[in-house]
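Colleague: My questions will all concern the structure given below.
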Amino acid sequence: MTEIADTTGVSESAVRAAHEFRVVFSRLRRRMRESYDPGDLTPSQTSVLSRLDKDGEASVSDLAAAERVRHQSVAATVSVLEERALVSRRQDPSDGRRQLVFVTDSGHAFLEDRRRAGEGWLTRALEDQCTESERRTLLEAAAILDRVVRS
Numbered sequence: 002m003t004e005i006a007d008t009t010g011v012s013e014s015a016v017r018a019a020h021e022f023r024v025v026f027s028r029l030r031r032r033m034r035e036s037y038d039p040g041d042l043t044p045s046q047t048s049v050l051s052r053l054d055k056d057g058e059a060s061v062s063d064l065a066a067a068e069r070v071r072h073q074s075v076a077a078t079v080s081v082l083e084e085r086a087l088v089s090r091r092q093d094p095s096d097g098r099r100q101l102v103f104v105t106d107s108g109h110a111f112l113e114d115r116r117r118a119g120e121g122w123l124t125r126a127l128e129d130q131c132t133e134s135e136r137r138t139l140l141e142a143a144a145i146l147d148r149v150v151r152s
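Residue numbers (the working numbering): 2 to 152.
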């Protein structure tokens with residue numbers, strides 16, 4: 002269930018900034034995805050692979066909880082990623098009945114290629130479309146957003 006934020010007593014500039022950033026980040030994410038070959042991965046497969054890369058190995062049950070989807074859905078997703086040699090499984094050393102899923106070297110390389118392509122496109126766009134002063138402003142805005150996200 003999605004929570005709806007209460008914006009009572011919040012400044013108009015905060016409401017507008019939240020809206021604008023959400024819209025711009027959605028567009029940015031789409032444009033960055035267009036900059037690389039998706040390698041025939043679905044968004045859910047990409048999400049699971051990225052989560053494992055970021056958070057480390059996990060059981061299918063843990064992944065299902067983190068992704069907020071059914072266990073069966075994640076199990077099917079992991080199977081496809083395993084067939085593509087992007088992830089592998091090993092027994093949990095603390096519980097031999099469980100298996101842990103982890104990203105393989107091929108999976109890390111796949112994700113790194115995607116990141117490099119997206120950042121390459123964005124670097125070129127920032128160089129071509131923005132002034133040095135605008136790029137400094139973006140760096141300042143990124144630092145502010147990072148502080149907000151970490152709070």
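Note that beta-carbon positions come from the ideal geometry of N, C-alpha and C, so glycine has one too.
1) Thinking Leu-50 and Val-88 are a contact (beta carbons under 8 Å), I'd like their distance in whole angstroms, please.
2) Should the stretch 70 to 79 be called in touch with the stretch 35 to 47, which here means at least 3 C-beta pairs below 8 Å?
3) With respect to the beta strand (DSSP E) encompassing Arg-99, which residues constitute its N-terminal and C-terminal limits?
4) Rounding to the nearest angstrom, what Cα-Cα distance links Ala-110 and Leu-29 in this structure?
5) Does the stretch 57 to 76 come close enough to the stretch 138 to 147 that 3 or more CB-CB pairs lie under 8 Å?
6) Are the Cβ atoms of His-72 and Ser-60 separated by less than 7 Å?
7) For Glu-21 and Asp-38, what's the separation of their Cα atoms in angstroms?
8) Whose C-alpha, out of Thr-105, Asp-96, Val-70, is nearest the C-alpha of Arg-85?
9) So, with DSSP's three-state summary, where would you put Ser-36?
10) Considering only their Cβ atoms, is the gap separating Glu-58 from Phe-26 smaller than 7 Å?
11) Quick one: measure Cβ to Cβ for Leu-101 and Asp-93, integer angstroms, because I've assumed they're closer than 8 Å.
12) To the nearest angstrom, report how far apart Arg-17 and Ser-36 are at their CA atoms.
13) Per DSSP, which residues does Arg-30 bridge with? Please list them.
Modeller: With the given structure in hand:
1) 7 Å
2) yes
3) 96 to 104
4) Spanning the alpha carbons of Ala-110 and Leu-29 requires a straight line of approximately 23 Å.
5) In short, these stretches do not touch, since the Cβ pair count stays below three.
6) No, the Cβ-Cβ distance between His-72 and Ser-60 is not below 7 Å.
7) 28 Å
8) Per the Cα distances, Thr-105.
9) Looking at Ser-36 - three-state DSSP - the assignment turns out to be coil, as it is neither helix nor strand.
10) no
11) The pair is a contact, with the Cβ atoms about 5 Å apart (cut-off 8 Å).
12) Approximately 29 Å, taken between the alpha carbons.
13) Beta-bridge pairing links Arg-30 to no other residue.
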